[in-house]
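Participant: Residue numbers (our numbering), protein chains in the order written: chain P, 1 to 554; chain Y, 1001 to 1523; chain D, 2001 to 2646; chain U, 3001 to 3099. Idealized CB from N, CA, C, for every residue including glycine. Computed from a prediction, not measured in an experiment: that's the story for all the values here. Just dropping this structure here.
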Amino acid sequence: MSASAAVAVHSLWTTAAEPAAADRIGAPAIEYAQLAPTLIVVGAAVVGVLLEAFVPRRARYHAQVFLTVVALAAAFAAVVALAAGGHATTKAGIVAMGAIAVDGPALFLQGTILLTSLVAVFTFAERRLDPAHHGHRVDSFAAEAAAVPGSEQEKAAVKAGFTTTEVFPLVLFAVGGMLVFPAANDLLTLFIALEVFSLPLYLLCAVARRKRLMSQEAAVKYFLLGAFSSAFLLFGVALMYGYAGSVSYARIADVVDGSVSDITPALAQTMGNDVLLLIGFAMVLMGLLFKVGAVPFHMWTPDVYQGAPTPVTGFMAAATKVAAFGAMLRLLYVVLPGLRWDWRPVMWGVAIVTMLAGAIVAITQTDIKRLLAYSSIAHAGFILAGVIAATPDGVSSVLFYLGAYSFVTVGAFAVVTLVRDAGGEATHLSKWAGLGRRSPLVAAVFAVFLLAFAGIPLTSGFSGKFAVFKAAAEGGAGALVVIGVISSAIAAFFYIRVIVLMFFSEPKPEGPTVAVPSPLTMTTIAVGVAVTLALGVAPQYFLDLAGQASVFVR
Amino acid sequence: MSFPLLTVTAALPAAGAILTAAVPAARRTTAKWLALLVSLGTLVLAALVAVRFEPGGERYQLTESHAWIADFGVRYELGVDGIGVALIALTALLIPFIVLAGWHDADPYETQTKRWRPTQGFFALILMVEAMVILSFAATDVFLFYILFEAMLIPMYFLIGGFGDRAHTGTDENAAAQRSYAAVKFLLYNLVGGLIMLAAVIGLYVVAGNFSLTEIAAARASGELEMATDTERLLFLGFFFAFAVKAPLWPLHTWLPNAMGEATAPVAVLITAVVDKVGTFAMLRFCLQLFPEASKWATPAIIVLALISIVYGALLAVGQRDIKRLVAYASISHFGFIIMGIFAMTSQGQSGATLYMVNHGISTAALMLVAGFLITRRGSRLIADYGGVQKVAPVLAGTFLVGGLATLSLPGLAPFVSEFLVLVGTFARYPVAGIVATSGIVLAALYTLVLYQRTMTGPVKEEVRAMPDLKARELVVVAPLIALLLVLGVYPKPLTEIVDPAVRHTMSDVQQKDPRPEVEAAK
Amino acid sequence: MENLIALLVAAPLLGAAVLLCGGRRLDRAGHWLGTLLAAASFVIGAVLFFDMLGRGAEERELHQHLFSWVPVEGFQADIAFQLDQLSMTFVLLITGVGTLIHVYSIGYMEHDERRRRFFGYLNLFLSAMLLLVLADNYLLLYFGWEGVGLASYLLIGFWQHKPSAATAAKKAFLVNRVGDMGLSIAIMLMFTTFGTFTFGPVLAATGETSEGMLTAIGLMLLLAACGKSAQVPLQSWLGDAMEGPTPVSALIHAATMVTAGVYLITRSGAIFNAAPDAQLAVVVVGAVTLLFGAIVGCAKDDIKKALAGSTMSQIGYMILAAGLGPIGYAFAIMHLVTHGFFKAGLFLGAGSVMHGMNDEVDMRKYGGLRKYMPVTFVTFGLGYLAIIGFPGLSGFWSKDKIIEAAFAKGGTEGWILGAVTLLGAGITAYYMTRVMIMTFFGEKRWQPAPDPDKAPSAEPGVEVHPGEMPHPHESPRSMTIPMILLAFGSVFAGGLFSLNSAFVNWLKPVTEFEHGHPPISAGAVTASTVVVLLIGVGIAYAQYGRRPVPVVAPRGSLLTRAARRDLLQDDFNHIVLVRGGEHLTRSLVYMDHTLVDGVVNGTAASVGGLSGRLRRLQNGFARSYAVSMFGGTAVLIAATLLMRGV
Amino acid sequence: MNPVNYLYLAALLFTIGAAGVLIRRNAIVVFMCVELMLNACNLALVAFSRMHGNLDGQIIAFFTMVVAAAEVVVGLAIIVSLFRSRHSASVDDASLMKL
């Protein structure tokens, strides 16, 4: 397609910002105000580390929880302030020497990530679910992650009432990375952000208090595969850099469009060679698809979701998806709109496979966490459908979907932490039989989340699904919509299976008990339900928000 | 903006549902009375709607319109034409009887724990369904309708799966299994239908840009909104499929017998007499108005399917051993008539179909509820377990017979009028179909009378010897329904007056004229 | 005046409503109320009749429009009545005979605890029947048509505890429904052809449409008539209908309802006149049934079934006559009326006999009853003479005219029909004589009463002690009086009607009449009729009067055996329709379960299987996950490159 | 000498690393292979940087090294803890969760 046309299409969802002079050597100008959210979170993380070092063990938990919550809240406030200050729309711009974009999508996603993390952190801090050991309240994390499971050392740690309060700084680091990821405006930042939020997650997966072997196994798998994929991503970065001679999104985009003025001979040579670009793009895309858990890069998802401590799973499932899809949007919409005709068909394939595989494999799952894992895969497929639309509506619909989905997920996993038996969380489906008879309220809440996953009207799931499908259809991906509909029909089957199990089958005598949580988890669940229903019944406000936030800066 | 009567009519039962659900576990009776009162109140409001509606006036009256989801081009738009009024009235009319008939259906078993509150839930769900159904009859926004169409499934699902018929053969376990099978089947069938409709709804938006039935229909009529033939047909099929599942039309019917068999009689009535009507209603309102050309294109096929439903349903009813399943298959046959009437595209056919929806609602309610009373007495759904009931419980038998006669559409009872209109209307355009369908009246007589003969006549079976006759509560349920059947059978004018203008509109939507009588045509 | 018409229908309807909804408190007065209202309706009828006589032949037709029934775009059905000579004739017959039978039932049903309900049903029947004959359009007629069907269903199955009765009732309704199909299709045809189904316009407009259409309508009407009037091939229900209480058989299955078909055809005369083929079909049906019924009547030992066969045959006469067109209509109706009298009389007689004989219905167990129940004997005898067409009595006048008309049809057709009718007259004489002799003459062949448990067919009422010999006695007055009155009717009615052909003139304005010219003189016809009659009587006397009648029926000839089984009609129905139907439904039920349901379940199962298979890929080994990622990337790259075609 | 050859080398290294990840059982070795892949990337980056005559690539290479180092820290921590609890570092033994 011709360059001019590309620019025209391109301008649909991007506005020009004054070119950030990347290569001028000089004292870097950092817009601290606009970077505030990230800085707050990362700063707090560092402080958290210091707390670990200097605050006495007794006080750590409270200190950390306080710090984390305050930090996330403050960061969110900062995001709101920025958005209110028009940085999402009129004053959107590139900051930090062209490394980071502060624009609608970035702020919207950062806000979403921060809120989700905030409610997720409540479940991290939950200490009422299990009976106290030796007079010490315990949360979901190992007393001493380094100790060998079942060893004397561990017993001693438990006796001493150790807890892994390190998780809070780790979460903060992860959030920090996630905040940068969708805002990254050059490939390097992209890669760094990816690593910054991945590494803490690897660790978080490993520190479950119950079922530690599974937890460690999950961590290893996640880590190895994660590293593997990031290697691919990095190589992709290298190739794209090779193609464009720069890692700046704007620059690459221009090169791709062929609208660059200063063409060095080398650039001319590499520009001619689209293979570089295409392979590079494919590999970077692969890295992102891995993070969102799209087929065939999804296989880590079930194992990790199952093995990781449930609060971590909830956080990971929600926040990672948001961040990764944010980055993907930016990559596809800002860097490679000129390649639309190349990536759309590929993404079609991925989306279709993801939707179907996720839905179909979920049918035969027997563990609630794995079930949710596969459902998250299917949802990744739906979101991809929205991404493919390649229209402003596509962007806003994806943003909306991410917002809606993340809260449902966090809430659902929070409920999972409540259903427990002697061995900790009773995640096997058979244990959930008759839950509706035992504790109707919890079952009803979980039913609401399931219905939202299934996309039943009057829940946020439906609004989101409708939004992305509508965008996809308008983007000319009608077939995709049909397949999406079919796979949601398949998916409906297993959500309903769980509901049947909870309400219509007789409770087993040795069934699990439903722990009565502290206000923390209650808040999480309450927020989840509230958002689910609010976005289901009256989504207009949030749709507007997403709509306004759907313009990328370039 | 006048008083939002329709919203209030739907809101009352919704609020009632929440209140009923909130009644403390111990106060079951309070919940029951509350539900009954609310449903009666709704009836009053519905009557008000019927009164405020002027047959001669605007097509859609009592309209309301508020912004809702601008991004999706969705508005909260309500408005009723005659058809909507008739069906809202039917719904509001039946619910009190359903509540009253189900008075003891959700009383807790001895084994059940204190915290589990089935009774409140049961009545709350019924009211919730009522609210959604009424709103869906009043919705003039496709998206709003779709949402209700889908959301309705959830309470229905819990009604079917959570409160099964206690008269079952076999162990409690496999009864529970069958029940949840029925519930899941109901939900999945309708959900799949709904999801396919969702695709069509989205498609419609892409084509039309908004969801307002009135606007789209107007645009279609004025030709501003052109649809490519294939697009229109695909969209039509998407909508029709969902409605055909709901209605249900052969071969998408198999969920109905399970659902009606496993559910308690009142819930079965709720399914077939109220909820399923949404499907046929939607065919009339949405399929024909939004996709007139495609409707005409699909008519022959649909007529054939409807014919199959009529004959097939009747034949299977003859073959049933379970009273409630029999009634279910009979309903399938009747839905065949309704759908045939709608797509015959003659004003007799469509008026007939509309009347049929109402009459079938009443007659099935009468028959099914009496059957329910019978079944609870004996504790079995199998026809073979009965015999000679007429001798021990003449009133029960009598009312059952009247219900049956209504089902076989005997002249003098309401269903005859509608059935004959449908037949005439169809015959006028598709003589062969009309004649084949007429065979349905023989089959209807067959299954009804066989049922009556096997259960009510003959020597008295030991098990039924001690069977009490109808109690006061049950009589209160049945008598008005029967009276209504008689009145509407002899004097359906009030109904036809309301319905006729709406049908005239629909006919003009599909640009169809009634075929003129041969004699006039000759002149 | 015309405002009275509605009352005709309303009076018995009121009775039905009150009696059926009234509950037990009416048990003691119920039957009186029922009878009273029937009588009231008769009185109103009489008033209207004399009023009608008071007016000239042309303005005798009255109309009353109550309200519009089904007003729908392009479709007008009204609750409106038309009272002309034809319907007036029926009104008088129905209400008259009806009232008598109400009176009769008071005695007959005395011991039945559900007598109130019985009278309720009778009243329901009356109003429905009156609606049928008074309707001014075919849809309303259909209303009455099905109404009488319902009443007949309820009354046949009145003793529901008897499975046989319940079955018979169901059978009657179903067979009638088949006929009703015809009627409703006919109505649809009228609607699509004339745009209306009101008698006036339709019958006036017959000229404006094709003969084919009229033939179609005619045939459909004929089908309806066959169902209601038990004509071949829909006659099978009438025999079983005798399961009902005898008054019912007398009123509904002899005098009134079963003649509705004749009314329908006569009423639609204009259509048939314009459709010769349809007429031919009518004639054929009539002729066949005429013989069919007669033959069946010869073989039955059950007195009521024998009479039922005769009813069939007599109605065959009427239908045949109606099929002859203007030369026959009047006589069809005339025979209908006279038949109403004598057949009702005969049935009441039979009922009275059974009443005296512990409800024994098998004539072979009667014999020599004339001494014990004289009134019954005399009235029954007069009815007998009437039906066989003994010169001077009612039957003679009406039947003879029909035979003449049959000959007058002309051509070979005429000869054949004439022969058939003559033959029918002979057979009638034969089987009626047989009944007469077996019942009232010869030696006693009484048997001890059967054990009611073994033979549940025993009517409740007269308490029957097993093993007790019957002690025949004359029936109470409430039963004999109606019989006497009817006997009068069966003696004089025919003569009265034929007095300077009063009846024909009376009906002419409605059914238009033309004189048939038989190829042989009327006198010859009459003579041959009498001869045939005597032959029939003679044979019967020779067979049953001369030698004793065996209590156990002899095996009999093939024909006899077939006739006992209604000429195998039921067997045919059973094998073809019932069995076939059962198989069909059973296989459909199976199909619904396996095929229609199976497809869906199969799909679900296959998805599940697929899921299971895909699931195995998730084998827990990190390296295989890595492989899928690596492969995935490879595919991704390849696809991207392919898209570009590089 | 033509920098393209370095790219070929980088691609080769990358493939070897990937192959190693797919083939080797020992988690440590697998992880080393990942490191190899990262270094392949570095080589490519530097080569391109040279080709285009700007420094971005080389800067990125430095970042990559840091990231790799961080990965080592985290990775070894996890792998060692797994090894201690199972006395085996084989990735194939670790398959409690499957299907």
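I want to see whether chain P comes within less than 8 Å of residue 1236/Y, judged by CB atoms only; does it?
Facilitator: Judged by the 8 Å Cβ criterion, residue 1236/Y is not in contact with chain P.
Participant: Excluding the 5 residues preceding and the 5 following residue 380/P in the sequence, name in chain order all residues of the same chain whose CB lies nearer than 6 Å to its CB.
Facilitator: So the list reads 292, 293, 294, 354, once near-sequence residues are dropped.
Participant: If you scan the stretch 2328-2360 of chain D from start to end, which runs of the alpha helix (DSSP H) of 4 or more residues do you find wholly inside it?
Facilitator: You should have 2329-2356.
Participant: Kindly confirm or deny that the stretch 2236-2249 of chain D and the stretch 2186-2198 of chain D touch, where touching means at least three C-beta pairs closer than 8 Å.
Facilitator: The stretch 2236-2249 of chain D vs the stretch 2186-2198 of chain D: no contact.
Participant: Measuring only between beta-carbons, confirm whether residue 1115/Y sits less than 8 Å from chain D.
Facilitator: Confidence at residue 1115/Y is low in this model, with a pLDDT of 49, below 50, so the placement of that residue should be treated as unreliable; the coordinate-derived value is given next. No, its Cβ sits nowhere closer than 8 Å to a Cβ of chain D.
Participant: Under 9 Å Cβ-Cβ, which residues of chain Y neighbour residue 2230/D?
Facilitator: The premise fails here: residue 2230/D is roughly 17 Å from chain Y at the closest Cβ pair, so nothing lies under 9 Å.
Participant: For a quick check, are the C-beta atoms of residue 378/P and residue 340/P less than 8 Å apart?
Facilitator: No. Outside cutoff.
Participant: Against residue 1180/Y, what residues of chain P qualify as contacts under a CB-to-CB distance less than 8 Å, listed in chain order?
Facilitator: Neighbours of residue 1180/Y on chain P, chain order: 500, 504, 505.
Participant: Alpha carbon to alpha carbon, how far is residue 2593/D from residue 1313/Y? Give it in angstroms, no decimals.
Facilitator: Residue 1313/Y and residue 2593/D: Cα-Cα distance of roughly 13 Å.
Participant: Taking only three categories from DSSP, how would you classify residue 1470/Y?
Facilitator: Coil.
Participant: Rounding to the nearest angstrom, what Cα-Cα distance links residue 270/P and residue 251/P in this structure?
Facilitator: Near 14 Å, if we compare the C-alpha coordinates of residue 251/P and residue 270/P.
Participant: Taking just the CA atoms, how far does residue 158/P sit from residue 123/P?
Facilitator: Cα to Cα, the separation comes out at about 20 Å.
Participant: So which of 2283/D, 2215/D, 2358/D has the shortest CA-CA distance to residue 2414/D?
Facilitator: Out of 2283/D, 2215/D, 2358/D, 2283/D has the C-alpha closest to the C-alpha of residue 2414/D.
Participant: Just checking: is the beta-carbon of residue 91/P within a distance shorter than 8 Å of some beta-carbon in chain U?
Facilitator: No - not a single Cβ of chain U is within 8 Å of the one on residue 91/P.
Participant: Going by alpha carbons, who is nearest to residue 1086/Y out of 1176/Y, 1118/Y, 1043/Y, 1451/Y?
Facilitator: Answer by Cα proximity: 1043/Y.
Participant: In three-state terms, what does DSSP make of residue 1507/Y?
Facilitator: Note: residue 1507/Y maps to helix in three-state DSSP.
Participant: Along the stretch 3010-3026 of chain U, what residues have a CB closer than 7 Å to any CB found in chain D?
Facilitator: Hits within the stretch, in order: 3018, 3021, 3022.
Participant: Quick check: the stretch 2043-2054 of chain D against the stretch 2015-2029 of chain D, are there 3 or more CB pairs under 8 Å?
Facilitator: With the cut-off at 8 Å, the stretch 2043-2054 of chain D and the stretch 2015-2029 of chain D do not touch.
Participant: In chain order, which continuous runs of the alpha helix (DSSP H) of length 4 or greater are located wholly inside the stretch 144-216 of chain P?
Facilitator: Counting only runs of 4 or more, we get 152-160, 167-180, 187-205.
Participant: Would you decide whether residue 2575/D is buried or exposed? Buried here means 16 or more other CB atoms lie within 10 Å of its CB.
Facilitator: Classification for residue 2575/D: exposed.
Participant: In whole angstroms, give me the CA-to-CA distance for residue 1251/Y and residue 1309/Y.
Facilitator: Spanning the two alpha carbons is a distance of roughly 8 Å.
Participant: What first and last residue would you give for the beta strand (DSSP E) that runs through residue 2083/D?
Facilitator: Element bounds for residue 2083/D: 2075-2083.
Participant: Just the C-alpha distance for residue 87/P and residue 104/P, rounded to the nearest angstrom, thanks.
Facilitator: Each residue's Cα considered, the two are about 7 Å apart.
Participant: On the DSSP letters alone, give me the boundaries of the beta strand (DSSP E) that residue 1076/Y sits inside.
Facilitator: Residue 1076/Y -> beta strand (DSSP E) spans 1074-1080.
Participant: Kindly indicate the opening and closing residues of the alpha helix (DSSP H) around residue 67/P.
Facilitator: 57-84 is the span of the alpha helix (DSSP H), which, as asked, contains residue 67/P.
Participant: Within 10 angstroms of its Cβ, does residue 1058/Y collect 16 or more other Cβ (buried), or is it exposed?
Facilitator: It counts as exposed.
Participant: Where does the unbroken beta strand (DSSP E) through residue 1061/Y begin, and where does it stop?
Facilitator: It spans 1061-1069 - the beta strand (DSSP E) in which residue 1061/Y sits, taken as one unbroken run.
Participant: Residue 49/P to residue 68/P, Cα distance in whole Å?
Facilitator: Taking the straight line from one Cα to the other gives about 11 Å.
Participant: I believe residue 2431/D touches residue 2294/D by the beta-carbon criterion, under 8 Å. Please report the beta-carbon distance rounded to the nearest angstrom.
Facilitator: 7 Å between Cβ atoms; contact.
Participant: Does residue 3095/U come within less than 8 Å of chain D when only Cβ atoms are used?
Facilitator: Yes, contact with chain D.
Participant: Within 10 angstroms of the Cβ of residue 230/P, are there 16 or more other Cβ atoms? Answer buried if so, exposed if not.
Facilitator: Counting Cβ neighbours within 10 Å, residue 230/P comes out buried, since at least 16 surround it.
Participant: Just verifying my parser: in three-state terms, what is the DSSP assignment at residue 548/P?
Facilitator: The answer is helix: DSSP assigns residue 548/P an H, G or I state.
Participant: Determine, for residue 2142/D, whether the minimum Cβ-Cβ distance to residues of chain Y falls below 8 Å.
Facilitator: Yes, residue 2142/D counts as interfacial toward chain Y.
Participant: On the criterion of 16 or more Cβ atoms from any shown chain inside 10 Å, does residue 2050/D qualify as buried, or is it exposed?
Facilitator: When all chains shown are included, residue 2050/D counts as exposed.
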